[in-house]
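Reviewing the structure listed below.
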Amino acid sequence: ISPSAASRRPMASSAAWRRFEASLGEAGPTDEIYDVAAFEALGESERQDALDALVERAEDGDGVAAQTLGVVGDDRVVHALEGIVARPDGARRAAMRALSRLGHGARFVPELVAELKQGGLYGSVNAVQQLGWIGTKEAFDGLLEALSARDSTVRSVAVDALLELTGLAASEKTASGDDDPRTPIGRLRLLLDADLAALATEAGAAFRDLFEKARGGADAKALDLVYDGGTDGFREAFGKALRDPSAALPLDLVRSATPHDRAWAEALLAVALQREDERAPAALAALDASWAVPALDEARQDAIEGFPFADALDDAMKALRAG
């Protein structure tokens, strides 16, 4: 990168260059990067000038410019970004993100893990994203820790990163490429996002086990993550009954469903404990869903003594523990 982008700008600017220059003044207060399409429309020589311009802005404290370099830059901008990181002010954080995206962030892992543990939402999400871009063993370990974060957003972003790192992202979809919450990953995400800590803990432990095995070489098939195809009409029928508080839950349909559909239905019933659905405890007991006992116990702690929901929880836990 040359010391002065201004000295290299074309004497007769192209329309693409003028668009790029205009884009540098159009970023909103919540934008993290400038218009990448405007950069990509430039010719090769103009792209070099554009990188120079972005570096100058980043060195002047423009964090959006620094983060844009992480998306459109290459090894030519690394030295400049490292210089920005070395300064305690200005666009240091943004330059760290850019370097992490460009594959030069391994040395930031201890700082990012420490930031993750401090618990602030923005800082934790930022740390998780960077750890995912870095992808080293130490970064992977940090992402596994993030599965136990207090905030569900942080946990979800950690899952996104780990799915990409392990090559399991495609297992969130069906064989036809459709999104479906009944996939094993979809079920675990449902539990991981739950307000009941017992459910989030259950899912976090399951995810951790999956990702550890994937790191060791296990693929989606070996991990039973390939959705089994489901039962015709099951999602619609069970979902409709669960949404109607006066409806009887079709437990025979659940019992005859494929293993993945049944596991999804049990997860929905466990999440229904959060809204005190009085049908959920008995249904979990009838399905012998002993894995849900910690969630039933947690829900009981907040239930009002003598109310039907509390009694239903007591009966369900008694049956599951006896069975």
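If you use the working numbering, the sequence shown corresponds to residues 6 to 328, in order. Note that the Cβ used here is the ideal one computed from N, Cα and C, for glycine as well. Predicted, not measured: the structure shown is a model, and the values here were computed from it.
{"query": "For lysine 178, the residue or residues it bridges with in DSSP", "result": "Asp184"}
{"query": "Check whether phenylalanine 243 and alanine 223 have beta carbons under 7 angstroms apart", "result": "no"}
{"query": "Reduced DSSP category for threonine 206 - H, G, I as helix; E, B as strand; rest coil", "result": "helix"}
{"query": "Cα-Cα separation, tyrosine 127 to valine 41", "result": "23 angstroms"}
{"query": "Those runs of the beta strand (DSSP E) which lie wholly inside the stretch 73-140 and span at least 3 residues", "result": "none"}
{"query": "Buried versus exposed, by CB contacts within 10 Å (16 or more), threonine 141", "result": "exposed"}
{"query": "Minimum C-alpha distance to valine 164 - residue among Ala180, Val130, Asp293 and Ser181", "result": "Val130"}
{"query": "Sufficient close CB pairs (3 or more, under 8 angstroms) joining the stretch 200-218 to the stretch 143-157", "result": "yes"}
{"query": "Option nearest serine 161 by Cα separation, candidates Asp183, Arg194, Ala132 and Ala144", "result": "Arg194"}
{"query": "Burial state of glycine 402, where buried means 16 or more other Cβ atoms lie within 10 Å", "result": "No answer is possible for residue 402: the residues shown for the chain start at 6 and end at 328."}
{"query": "Cβ-based burial, serine 176 [other Cβ within 10 Å; buried from 16]", "result": "buried"}
{"query": "Same chain only: Cβ atoms within 8 angstroms of glutamate 51, ignoring 5 sequence neighbours per side", "result": "Pro15, Ser19, Ala21, Trp22 and Phe25"}
{"query": "Beta-carbon gap between alanine 317 and glutamate 283 smaller than 7 angstroms", "result": "yes"}
{"query": "Distance, aspartate 302 Cα to aspartate 319 Cα", "result": "8 angstroms"}
{"query": "Lysine 226, DSSP secondary structure in three states", "result": "coil"}
{"query": "Segment limits, alpha helix (DSSP H) that includes threonine 158", "result": "157-171"}
{"query": "Nearest-angstrom Cα separation, counted from proline 286 out to serine 295", "result": "11 angstroms"}
{"query": "For isoleucine 309, three-class secondary structure by DSSP", "result": "coil"}
{"query": "Alanine 58 in three-state terms, based on DSSP", "result": "helix"}
{"query": "Pick from Phe216, Glu31 and Gly108 that is closest to leucine 145, judged by C-alpha positions", "result": "One detail in the question is off: residue 145 reads as phenylalanine in this sequence, not leucine. Ranking Phe216, Glu31 and Gly108 by Cα distance to phenylalanine 145 puts Phe216 first."}
{"query": "Helix, strand or coil at glycine 221 [DSSP, three-state]", "result": "coil"}
{"query": "Leucine 152 in three-state terms, based on DSSP", "result": "coil"}
{"query": "Rounded distance between the beta-carbons of alanine 327 and leucine 289, thought under 8 angstroms", "result": "With a Cβ gap of about 14 angstroms, leucine 289 and alanine 327 do not count as contacting."}
{"query": "Exposure label - glycine 125; buried when at least 16 CB within 10 Å", "result": "exposed"}
{"query": "Alpha-carbon spacing of leucine 46 relative to glycine 78, whole angstroms", "result": "The question names leucine, but residue 46 is alanine in the sequence shown. Using only the alpha carbons, I get a separation of about 15 angstroms."}
{"query": "Per-residue DSSP class, three states only, for serine 295", "result": "helix"}
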